[in-house]
Amino acid sequence: MSYTQEALKALIEKNPNQPEFHQAATEVLESLEPVVEQNPQYEKNGILERLTEPDRIIMFRVPWVDDQGKVRVNKGYRIQFNNAIGPYKGGIRLHPSVNLSILKFLGFEQIFKNSLTGLPIGGAKGGSDFDPKGKSDREVMAFCQSFISELYKYIGADIDVPAGDIGTGAREIGYMFGQFKRLTNSYEGVLTGKGLTYGGSLARKEATGFGLVYFAQEMLASRGESFSGKTVVVSGSGNVATYAAQKATELGGKVVAMCDSTGWIYDPEGVDLAAIKQIKEVERKRLSEYKNYRPASEYHTDGVIWDVPCDIALPCATQNELHLDHAKTLIKNGVIAVAEGANMPTTPDATIELQNNGILFAPGKASNAGGVATSALEMSQNSQRLSWTFEEVDAKLKQIMVGIYRNADAAAEKYGHKGNYVVGANIAGFLKVADAMVAQGVV
Ligand code: GLU
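This is the structure:
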């Protein structure tokens, strides 16, 4: 049995009942096969065993009081996975589905994603099974303050820098930052995605979606294609989806469908993004409201968004949202590219189906890295006590995304998988971390 297969087998045995973690680790480790074969020092140094075991997992109780005066209790987590190349960095997910398996898959992916950005950031992820949906601002604040009252001991600008993810936006980061500042009496860049009046970076909100489209643009250009005149379907309607749709539209694409967890909209004239922002960012309501802005649009609660014919599909909602059947439908309808804005939205069999049919496929750890890259730019600005203009940050973001595309493309070609960005991203992300781990000894 090869070193990668042995490491994978041990990981699955040692971490039972963690299907999402197994899925993410299987994809990465299998694509590393040629690299670890050619570089025996990785096996000798136990790199795969060390990379797949988090540095530490912090788990804690998060008690808070709801608007009826009742005490509620959620689970809190922070997984500090690997800090070989920089302080731990990664988002905080607030969603009822959050568990150890999901956070381990996300933290593991984050190591490679952060490495791909070329910036000095390690991999981490955290979160809670708390659901901000339907909660009052005061309830969200009570939760965030309680969450940070425990987590503050383990984070810091040079230690671990959490950020947003599903369910955690500027409101939550604000409450968390306020509580950290109060408990530690220090004003530091301990969180990213902060508000613009207290250390946040311009273009951070737009960065994941914009970066996704910049990456997709490079990938399309490799086949002489572009967004211009293309029909685009974007799943989700959160931060990533909204700004991916905006940039795709700016580049001449027409976004005809978006969704949330209760339904999807179809607007053949092109989705009105001002309406989406009003519904989602301002009113925090459901997409069923969209019809009030665009009476000619359709709202569906049955069927799936992937049934809508498109040239370019951007899954930006959540993990495992695009299955084999959906991939087959997309192919039948003539899709030319699928680029992941969410983390691991495409199931492994769907990914293979797309690749086998010659569809351009961008894995999230490369194509959605613009968010965390811009978080690292926020950290730089905080350290310098400066703030850069929107144009400066956006130009850096674009340069980073083009760099990630080129590195992933070159690594895929070097190891005999030209055009396979999954393999290329895994290898390019891995090498930097693995070499840093070897250099730093057995820790
Ligand atoms: N949650 C985002 C991600 O999945 C951003 C993390 C960050 O900015 O630290 O990469």
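Going by this note's numbering, 106 is the number at position 98 of the sequence shown; the sequence numbering is gapless.
Quick reminder that beta carbons are idealized off the backbone N, C-alpha and C, glycines included.
Pairwise C-alpha distance: residue j and residue i
i	j	result
Val4	Met9	Look at the range of the chain in this structure, 9 to 451, and you will see that residue 4 is not part of it.
Lys22	Leu111	16 Å
Phe151	Val73	8 Å
Gln363	Tyr274	27 Å
Ala2	Thr216	Outside the displayed range of the chain (9 to 451) lies residue 2, so it cannot be described from this structure.
Val410	Glu226	7 Å
Glu214	Asn247	7 Å
Ala420	Asp280	38 Å
Thr270	Glu400	38 Å
Val430	Ala335	16 Å
Ile156	Arg69	11 Å
Thr382	Ser395	13 Å
Phe188	Asn82	19 Å
Cys267	Lys238	19 Å
Trp272	Asp443	45 Å
Ser236	Gly311	28 Å
Lys373	Phe120	7 Å
Thr125	Ile287	32 Å
Ala252	Phe218	5 Å
Ala283	Pro276	15 Å
Ala304	Gln327	31 Å
Phe398	Asn434	30 Å
Arg64	Ala32	19 Å
Glu306	Val241	14 Å
Ala165	Gly186	15 Å
Gly427	His30	25 Å
Val290	Thr257	21 Å
Endpoints, the alpha helix (DSSP H) within which residue i is located
i	result
Ile360	356-364
Cys152	145-159
Asn247	247-258
Thr337	332-340
Asn300	298-301
His30	27-46
Gln76	No alpha helix (DSSP H) contains Gln76, which DSSP labels as neither H nor E.
Arg101	Not the alpha helix (DSSP H): Arg101 falls in the beta strand (DSSP E), residues 96-102.
Ile435	429-447
Lys426	No alpha helix (DSSP H) contains Lys426, which DSSP labels as neither H nor E.
Lys112	108-124
Glu306	No alpha helix (DSSP H) holds Glu306; the beta strand (DSSP E) holding it covers 306-308.
Ala381	378-392
Phe185	178-192
Val221	212-229
Chain D contact for residue i (CB, 8 Å cutoff)
i	result
Gly437	Protein chains in the displayed structure number just one, and chain D is not present.
Contact check, residue i vs residue j, beta carbons under 8 Å
i	j	result
Leu220	Gly424	no
Ser243	Ile320	no
Tyr162	Thr192	no
Lys404	Tyr222	no
Glu180	Val148	yes
Gly84	Glu158	yes
Cys318	Asn300	no
Tyr50	Ile167	no
Asp417	Gly432	yes
Ser245	Leu295	yes
Asp145	Arg101	no
Gly98	Pro170	yes
Tyr11	Leu56	yes
His331	Ala358	yes
Ile129	Ala447	no
Gly278	Lys262	yes
Leu37	Leu16	yes
Pro356	Pro323	no
Ala178	Asp402	no
Leu368	Leu259	no
Met445	Asn47	no
Val441	Ser123	yes
Opening and closing residue of the beta strand (DSSP E) in which residue i lies
i	result
Met67	64-73
Ala171	168-171
Val264	262-268
Val240	239-243
Ser136	130-136
Gly271	271-274
Discussion item. For the pair the segment 190-210 and the segment 384-401, tell me if three or more CB-CB distances fall below 8 Å.
Written reply: yes
Practice prompt. Would you check if the segment 337-351 and the segment 403-422 touch, i.e. whether three or more CB-CB distances between them fall below 8 Å?
Written response: no
Fill in: Sufficient close CB pairs (3 or more, under 8 Å) joining the segment 124-141 to the segment 206-213
no
Discussion item. Tell me whether the segment 78-92 and the segment 104-122 touch, counting them as touching only if at least three CB pairs, one residue from each stretch, are closer than 8 Å.
Written reply: yes
Practice prompt. Examine the Cβ distances between the segment 64-78 and the segment 99-107 and report whether three or more of them are shorter than 8 Å.
Written response: no
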